[in-house]
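Scroll down for the structure; my scribbles are underneath it.
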Ligand code: KIV
Ligand code: ZN
């Protein structure tokens, strides 16, 4: 039992294989490399880079991940046939640590209707596939597909046959997301207890989320001896998705008291990984998604905000910093109290006298009655209305010009009026807005971090006045600048200059 009893769980990431398999998540080769780099930063144990035989694009992607990504073991998927396995081995040839992951269905319904094979044939083919793979690589994983709808006794026989053939990991997939925490955990307990040679290999959990149980099932498997979890970033994957990596990792980290298990994941890379996968695949993350949803560390109710300001542990079981976010988000709205309002005002750099504060708070409540969420820029305008002492105009836009187009490198020229005269700078950018921002930064000789840009029309129609609001950070200070114009790009330039003036 020595392998099963280790208190460390390997994280096998399949975002690039099972994750990418779902509708709308296809990634280009370069995008896969970008995701793979982020997975390496997370320090995952295994990256399943693709299914090489399925297309030349898949083959190339696995080959590039094998060449370019250092650190994790690179795995490639293969059906249980010599052809598939040999192609997987070729794609993996450059990986310093490589694994072939081969699979064959073992459930009665799959064997009869999909494969048209008898259990005896499946048993033989499974062992044969592992033997072939072992001729090519040292590290072989086998998955009895639809494992959770297979007969346990037959699964036991298959596990013994593949162990005999030299497998090092047996993954028991809940392919259709049918299992429950109790039964999935019991299945692992049964296999680890009854399979001859179970102590020499790692058992792995692979869950789909059809009943919303991916994370619970994976944790139950761990509780019962599994020492690898297969998962994807943001839980993307076939149908309802796969187990979300961020959920299992943070559950094991936050409830170490219950599981006594660690992973090698650098959890502070989770927020970034989620962002990379979301932007590359375009698969949005629901706001209330555990760990990585935009509301996961947001508090709006007055009681909660007051509690978190006094001691964050009143309403937070993990810190936003633990997944790589800068801070929690106090959403100001109708339900916020004085404490939440005051905290935000101070964070924005204001220090109003008590009587100024009271007036501002009354006005805030009036606005909150009309608006769902009050942003930093609303508060700034609230204070700016009361006094002009917050807007010292150091820079003013005198003139701007942008050239852009599908065949042109976007270029901007900016002329600023400053306290000491006129400054003019031109530069190129990734797009017209980027070019504008870079030219302004050059002219003002400052490079703040842009954290948010919101552009909204004030009224309807293409000739509407555009309002831009930009949030920047510099030397630990966050400010929001605003600008409006019927020319959207000019509104953006003004908002950025306004933000610089507020620094
Ligand atoms: O869900 C599944 O059964 C799979 C296997 C190929 C491991 O993804
Ligand atoms: Zn799967």
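Residue numbers (this note's numbering): 481 to 983. Quick reminder that beta carbons are idealized off the backbone N, C-alpha and C, glycines included.
Residues that DSSP places opposite residue i in a beta bridge
i	result
residue 818	DSSP, once it has assigned bridges, lists no residue as partnering residue 818.
residue 578	554
residue 594	Its beta-bridge partners do not exist; DSSP assigns none.
residue 584	624
residue 773	Per DSSP, none; premise fails for residue 773.
residue 653	686
residue 711	493
residue 936	947
residue 810	779
residue 953	929, 958
residue 895	879, 904
residue 888	885
residue 559	583
residue 737	DSSP lists no partner for residue 737.
residue 430	Residue 430 lies beyond the range of the chain shown here (481 to 983); nothing can be said about it.
residue 742	488
For residue j and residue i, believed in contact at Cβ under 8 Å, the rounded distance
i	j	result
residue 727	residue 695	4 Å
residue 671	residue 639	6 Å
residue 530	residue 542	4 Å
residue 882	residue 916	7 Å
residue 780	residue 816	6 Å
Where residue i falls: helix, strand or coil (DSSP)
i	result
residue 978	helix
residue 905	strand
residue 879	strand
residue 965	strand
residue 500	coil
residue 667	helix
residue 799	coil
residue 631	coil
residue 508	coil
residue 720	coil
residue 725	helix
residue 841	helix
residue 867	The pLDDT assigned to residue 867 is 36, lower than 50, so where the model puts this residue is not dependable; a value taken from the coordinates is nonetheless given after this. Residue state, collapsed to three classes: coil.
residue 759	helix
residue 487	coil
residue 676	coil
residue 529	strand
residue 643	helix
residue 920	helix
residue 619	strand
residue 681	coil
Interface flag, residue i vs chain D, CB-CB below 7 Å
i	result
residue 779	Of the protein chains in this structure there is only one, and it is not chain D.
Chain-ordered residues, beta carbon under 5 Å from a heavy atom of ligand 1:
498, 583, 623, 625, 653, 655
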